[in-house]
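*Asks:* I have a structure here, written as structure tokens, and I will follow up with some questions on it.
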Amino acid sequence: MATAEQQADILERLKNGVIEYDEESVVKASHEALETGMDAYQAVMDGLAAGMDVVGAYFANGEYFVPEVLMCADALYAGLHLLRPHIKMDTEKMIKGSVVIGTVEGDIHDIGKNLVKMMFEVAGFTVHDLGRDVPLDNFVEKYMETDSDIICMSAMMTTTMIGMPVVIEKVRAKNPRAKIMIGGAPINEDIAQKWGADGTGKDAPNALQEALNMIGVLRDLGDQFKAERVQKEWGADGLLDATKP
Amino acid sequence: MSIQSKDAVLKVLRGEKPDHVPNFSGMGSITLHGIQQLGYRFNEIHGDARKMADSAASTHRLFGFESAIVPFDMGVVAESLGAGMKYYEKADLGQIIYPTMTRKLVDRSTVTVPEGMSEADAKTFVMKEIENQITNYQLQKPADVAQAGRIPIVLEALRILKRELGEDVAIGSWTLGPFTELGQIMDLEVLLKLSAKKPDVVNRRLQFMVEYLTEVIQLYIEAGADFITVREMGATASILSPRMFKSLVLPNLQALFGRINRVPTVLHICGDTNPIIELMAQSGASALSIDQMNRLNESRAKLSNVILLGNYKPFGAPFCEGQPEEVEEMIRQSIEQGADGVWPGCDLWPVVPPENMRAMMAAMKKYGVKSG
Chain A
1 MATAEQQADI LERLKNGVIE YDEESVVKAS HEALETGMDA YQAVMDGLAA
51 GMDVVGAYFA NGEYFVPEVL MCADALYAGL HLLRPHIKMD TEKMIKGSVV
101 IGTVEGDIHD IGKNLVKMMF EVAGFTVHDL GRDVPLDNFV EKYMETDSDI
151 ICMSAMMTTT MIGMPVVIEK VRAKNPRAKI MIGGAPINED IAQKWGADGT
201 GKDAPNALQE ALNMIGVLRD LGDQFKAERV QKEWGADGLL DATKP
Chain G
1001 MSIQSKDAVL KVLRGEKPDH VPNFSGMGSI TLHGIQQLGY RFNEIHGDAR
1051 KMADSAASTH RLFGFESAIV PFDMGVVAES LGAGMKYYEK ADLGQIIYPT
1101 MTRKLVDRST VTVPEGMSEA DAKTFVMKEI ENQITNYQLQ KPADVAQAGR
1151 IPIVLEALRI LKRELGEDVA IGSWTLGPFT ELGQIMDLEV LLKLSAKKPD
1201 VVNRRLQFMV EYLTEVIQLY IEAGADFITV REMGATASIL SPRMFKSLVL
1251 PNLQALFGRI NRVPTVLHIC GDTNPIIELM AQSGASALSI DQMNRLNESR
1301 AKLSNVILLG NYKPFGAPFC EGQPEEVEEM IRQSIEQGAD GVWPGCDLWP
1351 VVPPENMRAM MAAMKKYGVK SG
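Those protein sequences? They're chains A and G, same order as listed.
Sequential numbering from 1 applies to the first sequence in the numbering used here.
Sequential numbering from 1001 applies to the second sequence in the numbering used here.
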């Protein structure tokens, strides 16, 4: 077992490797984490994800722009691929959620969507990625088919975001309590609220900012899910049983 | 006296004093109301010169909008270079989905992953392979640019507009800028990373785009465009650092604008342009177009001698969803903050209600006529 100092050192190098988009350093630290028997989940959350939190702050401050954030994401993935197979499923600690994600029909911009997807993966969600230019009905179908907890829709352009309220309405008709998040360059909190979405990135000037902000949103939601998952019961028609709390 | 629209638009773009602040655009400005009155479907106006021209003209004919612009979608140049397009023919009547690229010249679909590779290794492999392809792809201009893809349709639409509307109304066309256009034909994620890691490679590709866009724009001008807008939204400070804008994007914009001498030009960038507005002013464009995220009054103060077009929000509230009096107030603010021409921050969102279009044009008569 690694000593507390060694562990702190490894976490620090995972975090800084993501921030400095140094893939080699992240890979090396990930191997050390596994060799010294560190908890892989802790290495992901307190190392890699903690680094991405800082990257998010840099992006918000205008220190980093999209190219830098994409390189940071590559460094994170390099570590995540090594560490994830060693994560022990711990029902107490981990979010057991499932999410459907995609970029709406007419829009082929998926950089922001892919970063949001990465965050969900980091947090331990099962992610059903519909890709880009997704016909609106596919969101609803996949959501019902997979019994997911969240639907995430992304749009980069004002000309495509108009599909979002259509999906929200259809999902709400099936399940009034569905969690729906929307994001993308033209989306802000006012629009999310008006369309009846549950969330978007705070002050997000674009999809990327939302992806980075969402780490925090997810942590808050995590506890809610654990509680709701237990209570949730689906009727035979695919609707929530209204008699259950 | 009738409003001299064409005269006012061209005077503004040349830096002369017009009789009123014109309300026009260099980007897509069609309304669903206009298209439906013509009996056209949204998905068919992108591939038929007559329908394209009629749709573009309808915003002037119905509301007095002071320009007519083609094309409407962002795929024309990419398609002429060989990118695959989708037109959403099956979309519902009246559903607004703009044509998009289904296949770029270099993207994930052009990479074959070796069998048996793990998911993690495959991701790395694909990224490396796309990087190689972006570096080495032999970009080629079409043998006959005027006949490539839908360029002949845009050219014919411009000729129709010139013939039928060109006496009274400024006819405009547009392309994307070199950087944004490169992102339309090559994987954007890898391109953005390469811009940081190997700027020389990206710059070489951008020089090709400058050459090609120059040829396309010259054809648009010959067909009747009175002014040209170049939309470099991929290089907004919401995406790229001002440092990278200056070293990689700006020199290629300067090269492009340096070659377009016969008509006025507009550089449009949306999103956050506050940190780069002064660099934009060095591009050589006749005028700058910004969207609602630009603090127009600050930009006005920084650039007293630059023609600024902007910057109302052409979607959501109030333009598409508000009351006519809110639209009037939005236009009043644009003029008050120092816009030389009232101009939208993006394509007009076509679902704008006719009464709001009318309120916008009426507001121009109220606030946009210069006294003395």
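Glycine included, each C-beta is placed from N, C-alpha and C at the ideal position.
Is the separation between the beta-carbon of G:Ile1276 and that of G:Ala1237 shorter than 9 Å?
*Replies:* Counting from 1 along the second sequence, the entry for residue 1276 of chain G is found at position 276. Counting from 1 along the second sequence, the entry for residue 1237 of chain G is found at position 237. It is a contact, given that the beta carbons lie within the stated cut-off.
*Asks:* Apart from the five residues on each side of it in sequence, which residues of its chain come closer than 6 Å, Cβ to Cβ, to G:Glu1355?
*Replies:* Sequence index remark: in the second sequence, residue 1355 of chain G carries index 355 (1-based). These residues qualify, in order along the chain: Pro1324.
*Asks:* Applying a beta-carbon distance threshold of less than 7 Å, which residues of chain A neighbour G:Ile1239?
*Replies:* As a first step, residue 1239 of chain G must be located in the second sequence, where it is residue number 239. Ordered by position in chain A, the residues that pass the 7 Å Cβ test against G:Ile1239 are Phe65 and Val66.
*Asks:* Check each residue of the stretch 1065-1097 of chain G: if its Cβ is closer than 8 Å to any Cβ of chain A, include it; give the result in chain order.
*Replies:* Within the stretch 1065-1097 of chain G, the qualifying residues are Lys1086, Tyr1088, Ile1096 and Ile1097.
*Asks:* Return the CA-CA distance between G:Thr1059 and G:Val1352, expressed in angstroms with no decimal places.
*Replies:* Indexing the second sequence from 1 puts residue 1059 of chain G at position 59. Indexing the second sequence from 1 puts residue 1352 of chain G at position 352. Roughly 11 Å separates the two Cα atoms.
*Asks:* Label G:Lys1193 either buried or exposed according to how many other C-beta atoms from any shown protein chain fall within 10 Å of its C-beta, with 16 as the threshold for buried.
*Replies:* Taking the second sequence and counting its residues from 1, the one referred to as residue 1193 of chain G is at position 193. G:Lys1193 should be labelled buried.
*Asks:* Please work out which residues of its chain come closer than 6 Å, Cβ to Cβ, to A:Val54, disregarding the five sequence neighbours upstream and downstream, and give them in chain order.
*Replies:* Along the first sequence, one-based indexing puts residue 54 of chain A at 54. Excluding sequence neighbours, A:Val54 sits near Ile19.
*Asks:* Given a limit of 8 Å on CB to CB distance, which residues of the stretch 180-196 of chain A reach chain G?
*Replies:* So the list reads Ala185, Pro186 and Ile191, given in the order they occur along the chain.
*Asks:* With 9 Å as the threshold, decide whether the Cβ of A:Asp133 is near any Cβ in chain G.
*Replies:* Within the first sequence, numbered from 1, the residue matching residue 133 of chain A stands at position 133. Chain G contact via Cβ: present.
*Asks:* In this structure, how does DSSP classify A:Gly163 when only helix, strand and coil are distinguished?
*Replies:* The residue given as residue 163 of chain A occupies position 163 in the first sequence. Helix.
*Asks:* From what residue to what residue does the beta strand (DSSP E) around A:Val179 run?
*Replies:* Looking up residue 179 of chain A in the first sequence gives position 179. A small correction: the amino acid at residue 179 of chain A is Lys; Val does not occupy that position in the sequence shown. It spans Lys179 to Gly183 - the beta strand (DSSP E) in which A:Lys179 sits, taken as one unbroken run.
*Asks:* Which stretch, first to last residue, makes up the beta strand (DSSP E) that contains G:Pro1344?
*Replies:* As a working mapping, residue 1344 of chain G is identified with position 344 in the second sequence. Where G:Pro1344 is concerned, the enclosing beta strand (DSSP E) stretches over Gly1341 to Pro1344.
*Asks:* How is G:Phe1024 classed by DSSP in three states: helix, strand or coil?
*Replies:* Position 24 of the second sequence, counted from the first residue, corresponds to residue 1024 of chain G. It is coil, neither helix nor strand.
*Asks:* Considering only residues of the stretch 1255-1297 of chain G, which uninterrupted beta strand (DSSP E) runs meet the minimum length of 3 residues and lie entirely inside it, listed in chain order?
*Replies:* The stretch 1255-1297 of chain G contains these whole beta strand (DSSP E) runs: 1265-1269 and 1287-1290.
*Asks:* Go to A:Gly79, then tell me how far its alpha helix (DSSP H) extends in each direction, as first and last residue.
*Replies:* Translated into the one-based positions of the first sequence, residue 79 of chain A becomes position 79. Segment Val66 to Leu83, the alpha helix (DSSP H) holding A:Gly79.
*Asks:* Does the distance from the CB of A:Met71 to the CB of A:Val104 come in under 9 Å?
*Replies:* Here residue 71 of chain A refers to the residue found at position 71 of the first sequence. Here residue 104 of chain A refers to the residue found at position 104 of the first sequence. Not in contact: A:Met71 and A:Val104 (Cβ atoms no closer than 9 Å).
*Asks:* Using CA coordinates, which residue listed in G:Thr1273, G:Phe1125, G:Ala1285 and G:Ile1171 is at the minimum distance from G:Val1306?
*Replies:* Here residue 1306 of chain G refers to the residue found at position 306 of the second sequence. Closest option to G:Val1306, Cα to Cα, is G:Ala1285.
*Asks:* Anything in the stretch 1182-1207 of chain G with a Cβ closer than 7 Å to a Cβ of chain A? List those residues in chain order, please.
*Replies:* Listed in sequence order: Leu1188, Glu1189, Leu1192, Lys1193, Ser1195 and Ala1196.
*Asks:* Please check the pair A:Gly163 and G:Thr1100, which I expect to be a contact at CB under 8 Å, by giving their CB distance rounded to whole angstroms.
*Replies:* In the first sequence, residue 163 of chain A corresponds to position 163, counting from 1. In the second sequence, residue 1100 of chain G corresponds to position 100, counting from 1. With a Cβ gap of about 13 Å, A:Gly163 and G:Thr1100 do not count as contacting.
*Asks:* State yes or no: is the beta carbon of G:Met1244 nearer than 9 Å to at least one beta carbon in chain B?
*Replies:* This model lacks chain B altogether, as its protein chains are A and G.
*Asks:* Around the C-beta of G:Lys1366, are 16 or more other C-beta atoms found within 10 angstroms, so that it is buried, or is it exposed?
*Replies:* Along the second sequence, read from residue 1 onward, the residue named residue 1366 of chain G stands at position 366. Burial call: exposed.
*Asks:* Provide the residue span of the beta strand (DSSP E) that contains G:His1445, from first to last.
*Replies:* Since the displayed chain G opens at 1001 and closes at 1372, residue 1445 of chain G lies outside it and no answer follows.
*Asks:* Rounded to the nearest angstrom, what separates G:Glu1298 and G:Gln1292 at their Cα positions?
*Replies:* What you label residue 1298 of chain G is simply residue 298 of the second sequence in a count that begins at 1. What you label residue 1292 of chain G is simply residue 292 of the second sequence in a count that begins at 1. Rounded to whole angstroms, G:Glu1298 to G:Gln1292 spans 13 Å at the Cα level.
*Asks:* Throw me the rounded Cβ distance for the A:Gly112 and A:Gly131 pair, which I believe falls under 8 Å.
*Replies:* As a first step, residue 112 of chain A must be located in the first sequence, where it is residue number 112. As a first step, residue 131 of chain A must be located in the first sequence, where it is residue number 131. Not quite, the Cβ-Cβ distance comes to about 14 Å (not below 8 Å), so this is no contact.
*Asks:* Please name the residues in the stretch 1333-1352 of chain G whose beta-carbon is closer than 7 Å to at least one beta-carbon of chain A, in chain order.
*Replies:* Here the close residues are Cys1346, Asp1347 and Trp1349.
*Asks:* Quick check on A:Met45: does DSSP put it in helix, strand or coil?
*Replies:* Within the first sequence, the letter at position 45 stands for residue 45 of chain A. Helix.
*Asks:* Taking 9 Å as the cut-off, decide whether the C-beta atoms of A:Ala33 and A:Leu14 are in contact.
*Replies:* By one-based count along the first sequence, residue 33 of chain A stands at place 33. By one-based count along the first sequence, residue 14 of chain A stands at place 14. Yes; because the gap between Cβ atoms is below 9 Å, this pair is in contact.
*Asks:* Determine the closest residue to G:His1268 out of G:Lys1104, G:Thr1229, G:Pro1178 and G:Ile1134, with distance taken between C-alpha atoms.
*Replies:* Residue 1268 of chain G sits at position 268 when you count from the first residue of the second sequence. For the residues G:Lys1104, G:Thr1229, G:Pro1178 and G:Ile1134, the minimum Cα distance to G:His1268 belongs to G:Thr1229.
*Asks:* Within 10 angstroms of the Cβ of G:Ala1225, are there 16 or more other Cβ atoms? Answer buried if so, exposed if not.
*Replies:* One-based indexing of the second sequence puts residue 1225 of chain G at position 225. It counts as buried.
*Asks:* In the DSSP output, what is G:Val1352 paired with across the bridge?
*Replies:* Taking the first residue of the second sequence as 1, we reach residue 1352 of chain G at position 352. According to DSSP, G:Val1352 bridges with nothing at all.
*Asks:* For a quick check, are the C-beta atoms of G:Val1266 and G:Leu1176 less than 9 Å apart?
*Replies:* Reading the second sequence from its first residue, position 266 is the one you call residue 1266 of chain G. Reading the second sequence from its first residue, position 176 is the one you call residue 1176 of chain G. No. Outside cutoff.
*Asks:* Going along chain G in order, which residues have a C-beta closer than 7 Å to the C-beta of A:Glu105?
*Replies:* For this step, residue 105 of chain A is matched to residue 105 along the first sequence. Near A:Glu105 (Cβ distances below 7 Å), the residues of chain G are Ile1097.
*Asks:* Mind checking who G:Cys1320 pairs with in its DSSP beta bridge?
*Replies:* As a first step, residue 1320 of chain G must be located in the second sequence, where it is residue number 320. Answer is none; G:Cys1320 lacks a bridge partner.
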